[in-house]
Each structure stands twice: as structure tokens, then as C-alpha cells.
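Okay, structure first, notes after.
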Amino acid sequence: MERIKGHNIELAYGEKVIIHDLDIEINKGEIVSIIGTNGCGKSTLLKAVSRVLPCKNGSIYLDGEEISHIKNKEFAKKLAFVSQNNEIPDDITVYDFIMYGRVPHKKWYEVYNQEDKDIVDWAVAICKLDNFKDRKVMSLSGGERQKVWIAMVIAQKTGILLLDEPTTYLDICHQFEIMELVKELNQNLGITIIMVLHDLNQAVQYSDRIIVLKDGKKYKEGKSLEVLTPQLIREVYRVDSSIEMEDGIPYFRLKGIVK
Numbered sequence: 001m002e003r004i005k006g007h008n009i010e011l012a013y014g015e016k017v018i019i020h021d022l023d024i025e026i027n028k029g030e031i032v033s034i035i036g037t038n039g040c041g042k043s044t045l046l047k048a049v050s051r052v053l054p055c056k057n058g059s060i061y062l063d064g065e066e067i068s069h070i071k072n073k074e075f076a077k078k079l080a081f082v083s084q085n086n087e088i089p090d091d092i093t094v095y096d097f098i099m100y101g102r103v104p105h106k107k108w109y110e111v112y113n114q115e116d117k118d119i120v121d122w123a124v125a126i127c128k129l130d131n132f133k134d135r136k137v138m139s140l141s142g143g144e145r146q147k148v149w150i151a152m153v154i155a156q157k158t159g160i161l162l163l164d165e166p167t168t169y170l171d172i173c174h175q176f177e178i179m180e181l182v183k184e185l186n187q188n189l190g191i192t193i194i195m196v197l198h199d200l201n202q203a204v205q206y207s208d209r210i211i212v213l214k215d216g217k218k219y220k221e222g223k224s225l226e227v228l229t230p231q232l233i234r235e236v237y238r239v240d241s242s243i244e245m246e247d248g249i250p251y252f253r254l255k256g257i258v259k
């Protein structure tokens, strides 16, 4: 089923509380974007769902089981997290790095077999990395490296993918490639996507639902166009805006800062 539920979540770094009394529910097969201003707790929430950061209070459940009780390998088969600051060894090739995605499916004494290689080839093809698979990952551009991370997750065969600002620092071509890849993973492979986005136009175009955070609390949640209104943008971001439509796709035009 691969459904995520969280109740009364409180998250903190030391004594500084970032998230207060938050409930979430993510259903299988959804694309859910988390938006809000800098410092409101978006990335912190992803860290909690991925077990990078433990809850100070409250609980998060995956398929009805508290995530802290799930064994590491079993958790890795179900959920993967691509953060902003993932580190990659300097000398590893694209192909070998994507092969890391098969680790949760292997016992410590098992070597990679033909099935693993076929799955990695499949992930390489989906992410259009055939021309890069023998290159060092660190020699690639930011957008290409982002696709390598996503390819590793595909090879991992996880049902849930968490993405923390996947298009930040990328040029518009690579932004479009990444967002279209995310949509493809959801529509063709059924992967549930939870992502933090700053671009409101990307959020409204690619998301089934949007969760808005403000001051560490859930401010609003619902279907994209029901949530993202000029009034909400004014309240959360202190910016005046209007919604325009082009070829049936909504986009936001910012007008000015609220004084």
C-alpha cells in the first residue's frame, strides 16, 4: 500500500523547534509538493519522513508501521531520499553509482548478478544516461548528476521518492527535464513523489496535492489550484500575484511585494 501517515509531528534541531504539531497523509501514487518560505520546515519534514531526523514528538508511519521500527534494508526498498547535499565519491562512474541502488536487495555475501545489471541498464535508459554511464559522476553537470541520483532510486525499486528542491541551481532546460522525469516515474512506474519546491509554477503544474507550511505549521493543504490562490500567496509570501492560463496550464505572474 505504501501510504505515509504522520500524527502530531514535532521536529527540532537541539532546542530549536522547527515543526509544530503537524499531521500528514500521503497516499500511494500521488505527487505531493511541499511549499513555503525559507526556514518554514519543508526540508526538515522530508528529513523526518526519510528517518534522517528523528521526531522529537509524534510518530510517522509507513504502511501502518512506525518508521523507526522498520529494518534499514526493508525501509530502503520502500523509500528513498534525494537531498540537496548528497555526496558522491570522486572516482565512481555513473554505472557503478547507479548499481548502489541494488544494495538493499542483496545479502552481504551476494555479488551483483545479471538481474541487477539488467535493472541498472533499465534505469540508465529511463533517465537517458546511456552516453554518460562510463563517465565519472563528478564530471557531470548539476542536472545530469540529479538524473544519476534518480536513476539509482529507480534501480533501488523503491515505491516512494522524496526530492528536496530537485530543480534548484539548474538551468531551465535541466529543470524541465527533471520535472518531466518525475512525472514519468509517477505515471509509468507508479512511484509516489514527495518533493520540496520553490517554483510555484512547477508545483501547480506537476502536483496532485500541495502542502503549504508557514512558521513550522501546516497552513493549507489540498488540490493544487484550490490551494495556490493569489490570496494565499499574499498571506504566505507577501507578494501580490495573478493566475494566467496558457494552453490550459495555469501559471503565476508576480506583481510586486506587499508593503
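Under full-length UniProt numbering, the letters of the sequence shown match residues 1 to 259, in that order. Where a beta carbon is used, it is the ideal one built from N, C-alpha and C, also for glycine.
- The beta strand (DSSP E) runs lying completely inside the stretch 136-194 and spanning 3 residues or more are 160-164, given in chain order.
- In the three-state scheme derived from DSSP, where H, G and I count as helix and E and B as strand, Thr44 is classed as helix.
- Here DSSP, grouped into helix, strand and coil, assigns Glu115 to helix.
- Between Thr37 and Ile19, the C-beta gap is not smaller than 7 Å, which leaves the two residues out of contact.
- DSSP, read as helix, strand or coil, puts Val52 in coil.
- Each residue's CA atom was taken as its position, placing Asp63 and Gly256 some 44 Å apart.
- Excluding sequence positions up to five before and after Asp116, its CB lies within less than 6 Å of the CB of Arg102, all in the same chain and listed in chain order.
- Residue range 217-223 is occupied by the beta strand (DSSP E) that includes Lys218.
- Within the same chain, and ignoring the five residues on either side of Leu170 in sequence, the residues whose Cβ sits closer than 6 Å to its Cβ are Gly142, Gly143.
- With fewer than three CB-CB distances shorter than 8 Å, the stretch 125-138 does not count as touching the stretch 18-34.
- With a contact defined as Cβ atoms closer than 8 Å, Val52 and Phe81 qualify at about 7 Å.
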